[in-house]
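Input: a single structure, listed below in structure tokens.
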Amino acid sequence: MRKTSNPLDLAALSRQIRRHIISMTGAAKSGHPGGSLSAVEVLVTLYWDVLRHDPANPKWPQRDRFILSKGHAAPVLYAVMAECGYTPVEELNSLRKLGSIYQGHPDIRYIPALEASTGSLGEGLSLALGMALAARLDESPSRTYVMLGDGEIQEGQIWEAAMFGAFNKVDNVCAIVDYNKLQLDGAVKDILELEPLAAKWRAFGWHTLEIDGHDIPAIQAALAEAAATKGKPTCVIAHTIKGKGVSFMEGDPRWHGVTPNPQEVELALKELA
Amino acid sequence: MPANTKYELKLGAATREAFGKTLAELGRENPNIVVGDADLTKSTMTTFFAKEFPDRLFECGIAEANMVAIGAGLAMAGKIPFVSSFSAFVMTKGFEQLRCLVAYPNVNLKVVGTHSGISIGEDGPSQMSMEDLALACALPNFTVLCPADEVSTKWAVRWAAAHHGPVFIRTGRPQAPAIYEAGAQFEIGKAVELVAGTDVTLVATGLLTAEAIKASDLLAAEGVSARVLDIHTIKPLDEEALARAARETGALVVAEEHLVDSGLGARVAQALARTVPAPVEFVGLTKFAESGSPDQLLDVYGLRAPNLVEAGRKALARKK
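Sequence order for the protein chains is A and B. Per my numbering, residue 13 is the first one in the first sequence, and the count goes up by one each step. Per my numbering, residue 374 is the first one in the second sequence, and the count goes up by one each step.
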């Protein structure tokens with residue numbers, strides 16, 4: 013893979029990743045397109061610009077790590093890892109099929125280059141803290157990034173981990189909340205409101221930033237600020253749009269766990285051409 | 374008591390203390406050994422490790438789910454973490470994390486439950502684990518150990534550290550009768566025949582192993598030759614030793630400080646159903662207990678040698 017910091021390159025890659033998400037979920041006939049599409053720019057910026065990683069040497073001990081705690085957004089992670097060269101692009105459309113390495117939720121038994129098997133919500137932040145503590149003990153420069161869903165942080169374990177991370181000054185962890193405002197049953201604010209979200213993370217002792225999660229230069233700046241912040245972990249609240257990039261999917265909770273039919277796939281791919 | 378066995382069964386260290394001290398030894402030998410605790414270091418005895426290696430002891434506060442998951446992260450980054458709390462808390466509050474973050478991806482985390490069973494005593498049922506072996510055995514990839522005394526606990530903790538994969542070790546609060554001599558050799562998944570016998574087999578684990586030895590003496594006085602097997606490894610279970618016992622003695626008693634419906638007894642019954650079916654009687658817990666001294670509770674809830682003797686007689690009577 014060729015790393016890049018150029019926002020135009022990253023935007024082009026984002027469009028390509030979105031095309032994969034549509035094709036994959038369309039072929040799978042099940043899965044989670046909406047929350048995959050909302051996370052695209054953040055993952056693309058991480059994998060092509062920010063993370064110190066090497067697809068040719070995935071277990072390099074001093075690598076930076078990324079955990080997709082909202083494991084149901086597996087399609088975006090698979091598309092990104094495939095385009096980076098970790099896994100075959102041509103098999104992406106086997107998503108969720110028996111025997112596929114692209115399991116319904118990320119599964120390290122099938123893709124050892126993954127940092128974690130995720131899917132049960134609320135667990136990834138703790139996992140990231142454990143990895144970051146190991147890096148601290150080893151005096152490794154490794155940083156751990158973890159993406160949390162907004163609905164996911166209704167889980168109590170997230171706040172156990174938030175307390176722990178700040179108290180123990182785990183400044184080599186960066187949490188990114190994909191704040192797309194929708195969850196399976198509807199709007200987050202109607203299910204179990206998170207606001208005031210930034211104030212909550214600040215009260216828990218985290219350096220907290222709010223950005224437009226589709227604005228690539230803003231993501232780059234936030235992740236640079238996170239890396240430069242010492243003595244406390246950073247939480248980036250990325251305001252995003254569920255279904256981003258496909259007009260008929262944007263902001264509609266139906267697309268949390270419903271996949272496009274062949275006509276909708278065609279329409280979406282036309283928009284993403 | 375007319376002892377036919379060589380065992381004095383003098384009170385030795387608690388198995389939790391053996392765990393804590395062995396952990397500190399391991400800490401000196403291997404810098405990758407790290408520990409997580411949930412505000413119980415003085416009780417779980419990880420305090421021995423904490424004193425020597427404060428940077429490698431992660432105090433997680435009263436947040437067991439987070440502790441288990443942090444342990445999983447440490448393991449995935451190459452450490453050998455032991456996380457510890459009362460069995461009642463770590464196995465229940467941490468169960469989902471043990472299932473998804475440890476068992477399913479086969480992560481190298483060691484879980485040590487202390488204060489297991491009713492022998493925690495005065496604290497009462499909320500602190501007593503009666504279902505921890507069932508929960509641990511329900512997790513694929515887990516090895517489940519329940520050592521009876523100090524020497525076997527030291528072995529169990531060392532074995533867990535050397536093994537790559539998830540392990541649960543069940544330990545207890547009270548001092549445990551010493552059964553093994555220092556330097557005794559154990560093999561994972563292999564029962565230890567502590568007493569030879571031909572009429573009935575007493576299959577026991579943890580604190581009940583010493584009671585089984587006492588019961589074999591009592592049965593000997595009645596002219597019954599009772600074999601005693603110490604099942605220090607609950608999973609994988611020594612099906613061969615159990616099948617041999619069923620074949621050679623024709624009747625068995627299983628004794629454990631755990632719910633009878635879901636612990637060692639259930640596993641033994643399953644093993645024998647597919648190897649050598651035989652009459653089996655079960656000594657264990659059937660309901661939530663209460664406050665009391667450990668000794669009182671073991672008496673009241675029927676986890677003593679005389680209870681094994683009675684069960685032994687029943688099993689014998691069922692032999693064809």
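Heads up, the beta-carbon is just placed ideally off N, CA and C, and yes, glycines get one too. All values derive from a computational prediction rather than experimental measurement.
Residues of the segment 477 to 493 of chain B with a CB closer than 7 Å to any CB of chain A: list them in chain order, please.
Answer set for the segment 477 to 493 of chain B: Tyr477 and Pro478.
Just to confirm my understanding: we take leucine 89(A), look at its own chain, exclude 5 residues before and 5 after, and list those with CB closer than 7 Å. What are they?
Non-local beta-carbon contacts of leucine 89(A) in its own chain, meaning distances under 7 Å to residues more than five positions away in sequence, involve Leu55, Leu80 and Pro118 in chain order.
Flag this pair as yes or no: are the beta carbons of alanine 423(B) and glutamine 548(B) separated by less than 8 Å?
no
Alpha carbon to alpha carbon, how far is proline 652(B) from tryptophan 267(A)? Give it in angstroms, no decimals.
One alpha carbon belongs to tryptophan 267(A), the other to proline 652(B), and they sit about 58 Å apart.
Test item: CB-CB of alanine 147(A) and asparagine 184(A) under 8 Å:
yes
Coarse secondary structure for proline 229(A), derived from DSSP in three states
helix
Let me check understanding here. Comparing Cα to Cα, which of Ala91(A), Ala40(A) and Lys71(A) lies closest to arginine 108(A)?
Measuring from the Cα of arginine 108(A), the nearest candidate turns out to be Ala40(A).
Quick one: Cα of methionine 374(B) to Cα of lysine 527(B), how far?
Any reading at methionine 374(B) needs caution, since the residue's pLDDT is 44, under 50, leaving its predicted position unreliable; the model's value is listed next. Distance between the alpha carbons of methionine 374(B) and lysine 527(B) is about 30 Å.
Using the Cα positions of leucine 592(B) and isoleucine 406(B), report the straight-line distance between them to the nearest angstrom.
So the two alpha carbons sit approximately 45 Å from each other.
Opposing strand residues paired with alanine 285(A) [DSSP bridges]:
Answer by DSSP bridge pairing: none, since alanine 285(A) is not bridged.
Among Ser525(B), Gly497(B) and Tyr477(B), which has the Cα closest to the Cα of serine 129(A)?
Tyr477(B)
Tell me whether methionine 374(B) sits in a helix, a strand or coil according to DSSP, three-state version.
Here methionine 374(B) scores only 44 on pLDDT, less than 50, and its place in the model should not be relied on; the value that follows carries that caveat. Methionine 374(B) falls in the coil class under three-state DSSP.
Our contact map puts alanine 187(A) next to proline 245(A) with C-beta atoms below 8 Å; I'd like the distance itself, whole angstroms only.
7 Å
Return the residues of the segment 462 to 475 of chain B that lie within a Cβ-Cβ distance of less than 7 Å from chain A, sorted by chain order.
Glu469, Gln470, Cys473 and Leu474
Can you tell me the Cα-Cα spacing of valine 601(B) and cysteine 519(B), whole angstroms?
16 Å
So arginine 224(A) is in the beta strand (DSSP E); what residue range does that whole segment cover?
Note on identity: in this sequence residue 224(A) is aspartate, with arginine being the wrong assignment. 219 to 224 is the span of the beta strand (DSSP E), which, as asked, contains aspartate 224(A).
Do alanine 94(A) and leucine 141(A) have their CB atoms nearer than 8 Å?
no
Please check the pair alanine 577(B) and alanine 585(B), which I expect to be a contact at CB under 8 Å, by giving their CB distance rounded to whole angstroms.
4 Å
Cβ neighbours of glycine 636(B) in the same chain (closer than 7 Å, five flanking residues each side left out)
Leu506, Ala507, Glu629 and Gly657
Could you give the first and the last residue of the continuous beta strand (DSSP E) run that contains glycine 161(A)?
156 to 161
Against phenylalanine 431(B), what residues of chain A qualify as contacts under a CB-to-CB distance less than 7 Å, listed in chain order?
Leu145
Would you please state the rounded distance, in angstroms, between the beta carbons of valine 573(B) and alanine 599(B)? I believe it to be under 8 Å.
Going by Cβ atoms, the distance from valine 573(B) to alanine 599(B) rounds to 5 Å, so yes, they are a contact pair.
With 8 Å set as the bound, which would you pick, yes or no: does the beta-carbon of glutamate 657(B) sit closer than that to a beta-carbon of chain A?
Note that residue 657(B) is glycine in the sequence shown here, rather than glutamate. Answer no: the Cβ-Cβ gap between glycine 657(B) and chain A never drops below 8 Å.
Tyrosine 191(A): first and last residue of the uninterrupted alpha helix (DSSP H) it sits in
Run containing tyrosine 191(A): none in the alpha helix (DSSP H); it sits in the beta strand (DSSP E), 185 to 191.
What are the start and end residues of each continuous beta strand (DSSP E) run of 3 or more residues lying completely inside the segment 60 to 102 of chain A, in chain order?
If we require 3 residues or more, the beta strand (DSSP E) runs fully inside the segment 60 to 102 of chain A come out as 77 to 80.
Which residue wins for smallest C-alpha separation from alanine 564(B), given the options Glu554(B), Leu610(B), Asp522(B) and Gly556(B)?
Nearest C-alpha to alanine 564(B): Leu610(B).
Identify every residue that forms a DSSP beta bridge with serine 457(B).
Asp410(B) and Val485(B)
Secondary structure of alanine 502(B), DSSP reduced to three states:
Alanine is not the amino acid found at residue 502(B); the sequence shown has serine there. Of the three classes helix, strand and coil, the one that applies to serine 502(B) here is strand, per DSSP.
Quick check on valine 517(B): does DSSP put it in helix, strand or coil?
strand
Using a Cβ-Cβ cutoff of 9 Å, what residues of the segment 447 to 459 of chain B are near chain A? List them in chain order.
Leu447, Ala448, Met449, Ala450, Gly451, Lys452 and Pro454
Quick test of your reading: serine 489(B) and threonine 544(B), contact by CB under 8 Å. State the CB separation rounded to the nearest angstrom.
6 Å
Measuring straight from C-alpha to C-alpha, what distance separates proline 67(A) and glycine 97(A)?
6 Å
Alpha carbons only, please: which of Glu402(B), Cys433(B), Met440(B) and Pro550(B) is nearest the one belonging to glutamate 425(B)?
Nearest C-alpha to glutamate 425(B): Glu402(B).
Under 7 Å from the C-beta of asparagine 439(B): neighbouring residues of chain A
Ser138, Gln169, Glu172, Ala173 and Phe176
Straight-line gap, phenylalanine 655(B) to alanine 684(B) (C-alpha atoms, nearest Å):
In this model, phenylalanine 655(B) and alanine 684(B) are separated by some 7 Å (Cα to Cα).
Residues of the segment 247 to 280 of chain A in Cβ contact with chain C at a cutoff of 7 Å, in chain order, please.
Here the protein chains are A and B, and chain C is not one of them.
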